[in-house]
Ligand code: AMP
Ligand code: ZN
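Laid out in structure tokens, this is it:
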């Protein structure tokens, strides 16, 4: 993809702070970090998001997620991370090259992922499942 910033990063054509790479995937620091070592892991090939990435490529990316988390655990003692992917504009995806965020978390870091829950929707579960 000609104008994709993450394609350019994977090819070394745009600046990035590399954490790790192998034949299929590339890990680098997020340029707008929400915590120390906030990292993105991408496939080197362009896929928009979870809907078009192949299962084979996804497994390769997730395997690098595990490597990066192990590296941070072993070298830095990091023991708390959030692993996030947004797929689709309405799911708050901003860069349309598949990526997984690894966000180390610490007590008092002033970050907070807070979902609004709807217990009352339990009564719709049977109907929801009947549709798939
Ligand atoms: P998302 O909202 O999940 O699509 O996240 C996109 C992420 O990419 C954001 O956290 C951005 O800070 C990050 N980002 C955008 N451009 C770059 C870049 N050139 N280098 C590193 N991270 C970037
Ligand atoms: Zn791309």
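In the numbering used here, the protein residues as written are 7 to 138.
Built from N, CA and C at the ideal position, the CB exists for glycine as well.
In this text, all values refer to a predicted model and were calculated from it rather than measured experimentally.
The beta carbon of residue 56 sits no closer than 6 Å to any heavy atom of the ligand AMP. For residue 113, there is no enclosing beta strand (DSSP E), as DSSP gives it neither H nor E. Going by C-alpha positions, residue 9 is about 44 Å away from residue 128. The residue among 136, 123, 27 with its C-alpha nearest the C-alpha of residue 73 is 27. Distances taken from the Cβ of residue 104 to the heavy atoms of the ligand ZN include none shorter than 6 Å. In the DSSP assignment, residue 12 falls within the unbroken alpha helix (DSSP H) covering 11-16. If you check the C-beta of residue 52 against the ligand ZN, you find a heavy atom less than 6 Å away. With respect to residue 108, residue 45 sits close: the two C-beta atoms are nearer than 7 Å.
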